[in-house]
Every structure is written in structure tokens, then in C-alpha cells.
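Numbering (this note's numbering), first residue to last: 4 to 136.
Here you go:
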């Protein structure tokens with residue numbers, strides 16, 4: 004499945020597929036008319052999720068009896084796993100979720116960033132779900 008969003012200054016595209024090993028592969032790309040444009044993808048997790056870095060570019064998210072490994076391609080300039088609340092700046096709602104009506108709380112997330120230029124770049128994030136040990 005592929006979706007595309009075009010604005011006067013940029014074109015964003017996301018493709019989602021399933022590999023032969025049952026991995027969900029998400030490919031994001033951005034083409035911008037502005038040089039050194041920053042491209043950000045934020046993967047938000049559930050409030051009770053436990054997140055940790057396994058090795059550079061590989062993360063594990065666990066909740067209840069399930070786990071998910073996440074691998075990010077080397078093309079990402081930054082991969083910031085935020086596993087605990089940080090002091091937030093006014094207007095910054097990263098990590099804020101609403102588990103039900105009229106309630107907000109903080110939850111962990113993975114923030115991926117990259118710089119793009121006039122050329123299109125392809126950034127990959129791969130998810131593999133499994134039962135927790």
C-alpha cells in the first residue's frame with residue numbers, strides 16, 4: 004500500500020508492505036524544494052509499553068505478553084527512543100496520548116529524523132512482532 008501527500012513545497016510518500024519473514028516494512032520518503040529540510044517520523048507507543056535500545060538502530064517495545072522489535076535504516080540521521088517522560092516545552096505534545104475520552108497521559112515514543120535536500124531519500128522502519136519471553 005502506498006500513499007502520497009503533495010504540498011507546494013514538498014512531496015511525502017509512505018509505502019507499507021509485508022516481507023517474506025512476516026515483517027512489516029514501512030518506507031518513507033520526502034522530496035523538498037527547500038535545501039536541508041528536516042523530516043521527522045514519530046512512532047507513538049501505548050502508555051504501559053516498556054522500550055529499550057537493543058543495539059544501534061534496533062529497539063524493543065514490550066507490553067503485556069507481546070514484544071515488537073523495530074529496526075531503522077542507517078539513512079535516518081537521528082533515532083531517539085524516549086522511554087521516560089521529559090520536561091516538555093510549551094506547545095510540545097510529543098508523547099502525550101489520550102487512552103480514553105477527556106484523559107491525557109504520557110507514553111514512550113521513537114522519534115526518527117533526517118535531513119533531506121533536493122533529492123528524494125528513502126527511509127525504512129521495520130517492525131517484527133512476537134510473544135514476550
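Think of the CB as a built atom: it goes at the ideal place given N, C-alpha and C, for glycine as much as any other residue.
For residue 71, the enclosing beta strand (DSSP E) begins and ends at 69-75. A Cβ-Cβ separation of about 5 Å places residue 32 in contact with residue 125 under the 8 Å criterion. Residue pairing of residue 6 in beta bridges, as defined by DSSP: 17. Between residue 26 and residue 18, the C-beta gap is not smaller than 8 Å, which leaves the two residues out of contact. CA-to-CA, the gap between residue 50 and residue 128 works out to about 21 Å. Counting along the chain, the unbroken beta strand (DSSP E) around residue 30 starts and ends at 27-35.
In this structure, the CA atom of residue 80 is about 29 Å from the CA atom of residue 101. By the 16-neighbour rule on beta-carbons within 10 angstroms, residue 119 is buried. C-alpha of residue 68 to C-alpha of residue 53: approximately 12 Å in a straight line.
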